[in-house]
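The structure under discussion appears below in the form of structure tokens.
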Amino acid sequence: MPGGRKQNAITVSFSKKNSDVYGLLVNKKENEKGFNQNEYICECIRFFEKYKDKLNNNLSEHDIMKLIDIKLEEFKNNLNLSEVQVKEVKNELNNEKLESDIEFINSIWLEDD
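Sequential numbering from 229 applies to the sequence shown in this note's numbering.
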């Protein structure tokens with residue numbers, strides 16, 4: 229014990245179900261110079277404790293489908309507005325063309341008189 233201090237220790241064994249975690253720790257220890265598995269495990273537990281309540285508030289399938297429906301409806305409404313705006317612009321352009329054609333035709337007829 230460094231400095232004569234008593235250190236708390238817990239031995240952790242890994243069941244078959246948790247062998248993936250054991251493998252991750254062994255891999256990190258082999259591949260990362262200065263890796264401290266005790267600090268790593270403590271940080272993981274702190275992180276989990278901090279965010280565990282947010283993990284339990286998962287949306288149900290029904291809630292997700294409802295959100296999708298709302299977003300699709302908004303998207304559809306935006307498309308309809310865009311389509312109407314495009315049609316109005318096309319109509320304006322066509323009306324302008326017609327008016328200029330009428331003026332041209334009138335000017336030709338007026339010249340003949």
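No residue lacks a Cβ here, since even glycine has one placed at the ideal position from N, Cα and C.
What residue from Asn259, Lys282, Leu253 has the CA that sits closest to Ile269's CA? Numbered from its first residue, the sequence shown carries residue 269 at position 41. Residue nearest to Ile269 within the set Asn259, Lys282, Leu253 is Leu253 (criterion: CA-CA distance).
Measure the alpha-carbon distance for Ile298 versus Ile292 and round it to whole angstroms. On the sequence shown, residue 298 is found 70 positions in, with the first residue counted as 1. On the sequence shown, residue 292 is found 64 positions in, with the first residue counted as 1. One Cα belongs to Ile298, the other to Ile292, and the distance between them is close to 10 Å.
Taking DSSP as the reference, what is the three-state secondary structure of Phe332? In the sequence shown, the residue the question calls residue 332 occupies position 104. In this structure, Phe332 counts as helix in the three-state DSSP scheme.
Quick one: grab the DSSP three-state call for Ser241. What you label residue 241 is simply residue 13 of the sequence shown in a count that begins at 1. For Ser241, the three-state secondary structure derived from DSSP is coil.
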